[in-house]
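Data first, discussion second: the structure below is written as structure tokens.
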Amino acid sequence: MQRLKILTGALSLALLLAGSAFAVDTGSANFTTYVALGDSLTAGYSSSALAHTYQVNSYPALIYRQATGKTTGFEQPLISNPGISGLAVCNGANPPAPCGILRLAALGVSPTIVPTPGRGTPENLTLPRPYNNMAIPGQTVHQLLTQTTGGFSDVILRQTGFTQLQQGLSLKPTFVTLWIGNNDALGAAVSGIAVEGVTLTPVESFKADYTTIVGAITTAGARMAMATIPDVTSIPYVNTISRFIVNPQTGQVVRDPSGNPIPFIGPNGPLQSGDFVLLGATTEISQGRGIPTALGGSGLPLSDSSVLSAAEAAKIRDYVNSYNAIITKAASDSGSALVDINALFKGIATNGLHVGGISYSSAFLTGGLFSYDGVHPTAFGYAYIANTFIDAINDTYGGDIPPVDLYPFVFGPLPKSLAKAASGDEYLSFLFSPDARLSLLKSLGVSQAVIDGKVPHKPRPRGRH
Amino acid sequence: MGRALSIVALATLAAGPLHAAGFSIFEQGSKATGMAGAFTAQADDPSLLFYNAGGLAFVEKTDVSVGATWIRSTKADFEGAGPFPGPGYSAKQETLSEFPPHLYWVQPVTSNLKFGLGIETPFGLTTSWENPNQFAGRFLSTKASLQAFDLNPTLGWRVTPNFGIGVGALVRYSKVELNRHVPFINPFTQTVADIGALKLDADYATGYGFNVGLLHRLNESFSWGLSYRSKITVDYDGDARLTQISTGNATLDTLLSRQLPFNTKLPVKTSIDYPDQASLGLAFGLTRNLLLETDVNWMGWSSFKDVNIDFTGGATNALPDTTLEQDWEDVYSYRVGLNWTVSPASQIRLGYVYDQTPQPEEGVSPLLPDADRNGFCIGYGHTQGFRYDVGLMYLDFKKRTTNKARPSEGPFFGTYKTQAVLLGLTANF
Numbered sequence: 000m001q002r003l004k005i006l007t008g009a010l011s012l013a014l015l016l017a018g019s020a021f022a023v024d025t026g027s028a029n030f031t032t033y034v035a036l037g038d039s040l041t042a043g044y045s046s047s048a049l050a051h052t053y054q055v056n057s058y059p060a061l062i063y064r065q066a067t068g069k070t071t072g073f074e075q076p077l078i079s080n081p082g083i084s085g086l087a088v089c090n091g092a093n094p095p096a097p098c099g100i101l102r103l104a105a106l107g108v109s110p111t112i113v114p115t116p117g118r119g120t121p122e123n124l125t126l127p128r129p130y131n132n133m134a135i136p137g138q139t140v141h142q143l144l145t146q147t148t149g150g151f152s153d154v155i156l157r158q159t160g161f162t163q164l165q166q167g168l169s170l171k172p173t174f175v176t177l178w179i180g181n182n183d184a185l186g187a188a189v190s191g192i193a194v195e196g197v198t199l200t201p202v203e204s205f206k207a208d209y210t211t212i213v214g215a216i217t218t219a220g221a222r223m224a225m226a227t228i229p230d231v232t233s234i235p236y237v238n239t240i241s242r243f244i245v246n247p248q249t250g251q252v253v254r255d256p257s258g259n260p261i262p263f264i265g266p267n268g269p270l271q272s273g274d275f276v277l278l279g280a281t282t283e284i285s286q287g288r289g290i291p292t293a294l295g296g297s298g299l300p301l302s303d304s305s306v307l308s309a310a311e312a313a314k315i316r317d318y319v320n321s322y323n324a325i326i327t328k329a330a331s332d333s334g335s336a337l338v339d340i341n342a343l344f345k346g347i348a349t350n351g352l353h354v355g356g357i358s359y360s361s362a363f364l365t366g367g368l369f370s371y372d373g374v375h376p377t378a379f380g381y382a383y384i385a386n387t388f389i390d391a392i393n394d395t396y397g398g399d400i401p402p403v404d405l406y407p408f409v410f411g412p413l414p415k416s417l418a419k420a421a422s423g424d425e426y427l428s429f430l431f432s433p434d435a436r437l438s439l440l441k442s443l444g445v446s447q448a449v450i451d452g453k454v455p456h457k458p459r460p461r462g463r464h
Numbered sequence: 000m001g002r003a004l005s006i007v008a009l010a011t012l013a014a015g016p017l018h019a020a021g022f023s024i025f026e027q028g029s030k031a032t033g034m035a036g037a038f039t040a041q042a043d044d045p046s047l048l049f050y051n052a053g054g055l056a057f058v059e060k061t062d063v064s065v066g067a068t069w070i071r072s073t074k075a076d077f078e079g080a081g082p083f084p085g086p087g088y089s090a091k092q093e094t095l096s097e098f099p100p101h102l103y104w105v106q107p108v109t110s111n112l113k114f115g116l117g118i119e120t121p122f123g124l125t126t127s128w129e130n131p132n133q134f135a136g137r138f139l140s141t142k143a144s145l146q147a148f149d150l151n152p153t154l155g156w157r158v159t160p161n162f163g164i165g166v167g168a169l170v171r172y173s174k175v176e177l178n179r180h181v182p183f184i185n186p187f188t189q190t191v192a193d194i195g196a197l198k199l200d201a202d203y204a205t206g207y208g209f210n211v212g213l214l215h216r217l218n219e220s221f222s223w224g225l226s227y228r229s230k231i232t233v234d235y236d237g238d239a240r241l242t243q244i245s246t247g248n249a250t251l252d253t254l255l256s257r258q259l260p261f262n263t264k265l266p267v268k269t270s271i272d273y274p275d276q277a278s279l280g281l282a283f284g285l286t287r288n289l290l291l292e293t294d295v296n297w298m299g300w301s302s303f304k305d306v307n308i309d310f311t312g313g314a315t316n317a318l319p320d321t322t323l324e325q326d327w328e329d330v331y332s333y334r335v336g337l338n339w340t341v342s343p344a345s346q347i348r349l350g351y352v353y354d355q356t357p358q359p360e361e362g363v364s365p366l367l368p369d370a371d372r373n374g375f376c377i378g379y380g381h382t383q384g385f386r387y388d389v390g391l392m393y394l395d396f397k398k399r400t401t402n403k404a405r406p407s408e409g410p411f412f413g414t415y416k417t418q419a420v421l422l423g424l425t426a427n428f
């Protein structure tokens, strides 16, 4: 209340002090026309859906507000609450409910995460120009250059026949942020299947496409900030569930008579050190898969798409490192700001993140940084990412753009529909619903063939010889 | 036992808002306070036991002083900055009145050997934020208080008619209380909820040290003094208590109560290394009635590094150990005082002190926001009949802005602005 009064006071004072009260020093970066290019992370996708509440606080919207002091002029393809999830069925005119953002329905012995009933509709579909936030959930580097229809691009590119890059550049931007490439590797991690050309973009083709994009933006005369891609094992979707079987009643790891913890059974036998059980495996686990019959399970192994093996994780990490080397070089070659999101996520996974004595972490549900899909950030997470961009932009362009005020993201309130009370349990026996998993995979650009399991079950050898 | 109790009663008065660099209280006698503490080379009333034990050598008759300093913070405000708690956020500390006392007895034994006993309150601190349940810094601190007082028996030896030394023992009694809230990410709202109020109470513990002083009264128009008080470590035993705060979700509350030791005594140990300090003073008799003293005072605050809070209650009655990083630096303060003898019965004093903060920018937090400060003093002494001294100090803290954070705490950025008034009153018998 006291805060509100002060804000009101400050506002009226600012109005008294005349028109240009909010002149922000952006250094040699010019935010007159700012365009954000990217994927779901740039679109403000959270809890497996694109929804108004999160879009208005997408990191590009926050950067624009901080860099210009204005709240209008940055147009986004807003979708009314409860948003639209990535589910294919939700793209139709009469989708079956529910299609909204994921919510935590209950904790307790069997905590469940399910889509919110209902479906949002586009609120800004008739804007007579391209959006400033052109990011399209699910897009890869190549799709940013080439895709014109399908999935979320239908409500963002609006069937104009022009790509994300073409529409963004048609606005003659003075500044562009580019965070693309997540879906060139993340889909492999989240689907548990790492196959070059299917879920992993070949490095050479990544390089060619990325260089083309940066070249086009540079030629158009815009200054840039570009962001690296996080390590796949730094997200809760990958690192939440232990490879050992946990008794959901006690929260304790189940041990054999000699005291050793018992691992889940994966597609290649008992899980080994370095293997990850994905959050999407919870449905199978609840059906007894991956659990020996002696422990009351079905004895069937977890499916390939529920497990990210150590070898797969290492392979994806290799690709991500190669992509990040390309991004880093492109940034230094073009004199752009480099926003090292990979370093940020790694730091959080190791040390957590602290604000005013509050500890955030990459823990699922109680870490505060990742939303209910285990991949995309919470509103707080996006605000923190906006500040990471702003720091890098200030460093490179010599400006003094103020950081986003984290207070409302720390304390809320978020919409009441999210805060529905239920019972709870901290332990990791989540039921991540099949719908939730499907929606997430779609948003990450994972092809239907991979989702349907119509790719080789085991990654092909790397083919060195 | 009786004495111990009264000592404790005295010391409970001794907390104060921040008023001398760090949490030292240099106002231990109203005559000295009137001259901003520039008293090392005078040391000519019983408060010499604090300011310079060398002065004890020159005591010629039994003298007793009793007094206190009324410390009133007139302003202790905080204005937020981005990213947290953000511009437009503001908060206030409670404006507190505190009365750190001082009590001295000096007694000649022979013509050259003198004895003294002092009770001083050399350290003290209270920070208490208004509306602690809403204060944005409540996960760092809602209220902190520290009280310390010294029992200081001293011997003085007059080596030559104008050179004296003094040596004393310091027995420090101290207690500490820390309060903060404990945050948790509510998985339903994905925002921060308060789940408990943590109070840490460390009852009186004792530490030992010593002090020495030299005073050389060269002639009517010049004297110099040197005083040193040693570093003292106090090891505290105490109890913490985590009182559960409802998140508004009964099942979540139940779950948390199964995992955290709410509402029980949690034994803790902690320790504070109090700094040593040294003062050098030069006093000049400008005229028969006008005396000027200049002092430089050094405090070894680099002793104040980490405050480790160790929970010793085993697996069940404990929380994770924490460390409050401080990493303070040694600092100097500069003092100048003037004493004008108006008549045989009355003196008027003026003083000024510039006091540096020992606290690095990343350590400035709601627990203990310190700043450089200027102190302006005026005093009066009645030196015949009923003898008493009055000293008044207006202490203006420079604005202290922090834009640096310790990684373990994260940003709590903004500007602290503090002012205080100190009124010392000492009666001499």
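Quick note, the sequences are listed as chains A and B, same order.
According to numbering that gives the first Met the number 0, the first sequence holds residues 0 to 464 in order.
According to numbering that gives the first Met the number 0, the second sequence holds residues 0 to 428 in order.
Virtual Cβ for every residue (Gly too), placed ideally from N, Cα, C.
Among the options, the one whose alpha carbon lies nearest that of residue i
i, options, result
"B/G384", "B/L154, B/E328 and B/F428", "B/F428"
"B/L241", "B/N248, B/L255, B/T232 and B/L251", "B/L255"
"B/P186", "A/D404, A/S360 and A/V445", "A/S360"
"A/T32", "A/L440, A/R64 and A/V194", "A/R64"
"A/R102", "A/T120, A/N80 and A/D399", "A/N80"
"B/T263", "B/D76, B/A239 and B/P406", "B/A239"
"A/T25", "A/V449, A/D394, A/L405 and A/P407", "A/D394"
"A/G37", "A/P229, A/L143 and A/A378", "A/L143"
"A/V338", "A/N323, A/I347, A/G160 and A/A348", "A/N323"
"B/W300", "B/Y353, B/T94 and B/K230", "B/K230"
"A/S321", "A/L177, A/P201, A/T173 and A/W178", "A/P201"
"A/L177", "A/G380, A/G117, A/F161 and A/M133", "A/M133"
"B/A344", "B/K403, B/P319 and B/T382", "B/T382"
"B/V442", "B/G313, B/S245 and B/S222", "Here chain B has residues from 0 to 428 only, and residue 442 of chain B is not among them."
"B/L463", "B/W104, B/D76, B/P86 and B/L177", "In the structure as shown, chain B starts at 0 and stops at 428, and residue 463 of chain B therefore has no counterpart that could be examined."
For residue i, the residue or residues it bridges with in DSSP
i, result
"A/A391", "Paired residues: none, contrary to the question."
"B/D395", "B/N373 and B/Q418"
"B/T293", "B/L281 and B/V335"
8 Å Cβ cutoff met for residue i and residue j
i, j, result
"B/S144", "B/T120", "no"
"B/G349", "B/L337", "First, the residue type needs correcting, since residue 349 of chain B is Leu and not Gly in the sequence shown. A contact, by the Cβ cut-off of 8 Å."
"A/G397", "A/S27", "yes"
"B/P45", "B/A67", "no"
"B/V65", "B/A426", "yes"
"B/V335", "B/T293", "yes"
"A/D208", "A/V154", "no"
"A/Y236", "A/L277", "yes"
"A/L440", "A/G186", "yes"
"B/A35", "B/V295", "no"
"A/V23", "A/I264", "no"
"A/P114", "A/S39", "no"
"B/Q189", "A/G117", "no"
"B/S226", "B/S302", "no"
Complete runs of the beta strand (DSSP E) confined to the stretch 178 to 265 of chain A [at least 3 residues]: Correct list: 222 to 226.
Decide if the stretch 144 to 157 of chain B is in contact with the stretch 47 to 64 of chain B; the criterion is three or more beta carbon pairs, one per stretch, under 8 Å apart. Taking 8 Å as the limit for Cβ pairs, the verdict is that the stretch 47 to 64 of chain B does touch the stretch 144 to 157 of chain B.
Along the chain, which unbroken stretches of the beta strand (DSSP E) at least 3 residues long are found entirely within the stretch 199 to 264 of chain B? Segments of the beta strand (DSSP E) lying fully in the stretch 199 to 264 of chain B: 221 to 228 and 231 to 243.
So, does the stretch 277 to 296 of chain A touch the stretch 314 to 328 of chain A, judging by three or more C-beta pairs under 8 Å? Counting C-beta pairs with one atom in each stretch, the stretch 277 to 296 of chain A and the stretch 314 to 328 of chain A have fewer than three that are closer than 8 Å, which means they do not touch.
Quick check for students: name the residue ranges of the beta strand (DSSP E) that lie wholly in the stretch 139 to 178 of chain A, counting only runs of 3 or more. Taking only runs of at least 3 residues, the beta strand (DSSP E) segments lying wholly in the stretch 139 to 178 of chain A are 174 to 178.
For the structure I just gave you, are there three or more beta carbon pairs, one from the stretch 22 to 29 of chain B and one from the stretch 395 to 412 of chain B, closer than 8 Å? Judged by Cβ distances under 8 Å, the stretch 22 to 29 of chain B makes no contact with the stretch 395 to 412 of chain B, as fewer than three pairs qualify.
Threshold first: 4 residues or longer. Then list the alpha helix (DSSP H) segments lying entirely within the stretch 262 to 304 of chain A, N to C. Counting only runs that start and end inside the stretch 262 to 304 of chain A, the alpha helix (DSSP H) elements of at least 4 residues fall at 281 to 285.
Is the stretch 243 to 257 of chain A in contact with the stretch 57 to 72 of chain A, if contact means three or more CB pairs nearer than 8 Å? As far as the Cβ criterion goes, the stretch 243 to 257 of chain A does not touch the stretch 57 to 72 of chain A, which means the pair count is below three.
Give the list of continuous alpha helix (DSSP H) stretches no shorter than 4 residues that lie fully inside the stretch 35 to 112 of chain B. For the stretch 35 to 112 of chain B, whole alpha helix (DSSP H) runs of length 4 or above, ordered along the chain, are 47 to 50.
Give, in chain order, every unbroken run of the beta strand (DSSP E) that is at least 3 residues long and sits entirely within the stretch 9 to 88 of chain A. Listed in chain order, they are 33 to 37.
Would you say the stretch 370 to 378 of chain B touches the stretch 395 to 406 of chain B, given that touching needs at least three Cβ pairs under 8 Å? Of all C-beta pairs linking the stretch 370 to 378 of chain B to the stretch 395 to 406 of chain B, three or more are shorter than 8 Å, placing the two stretches in contact.
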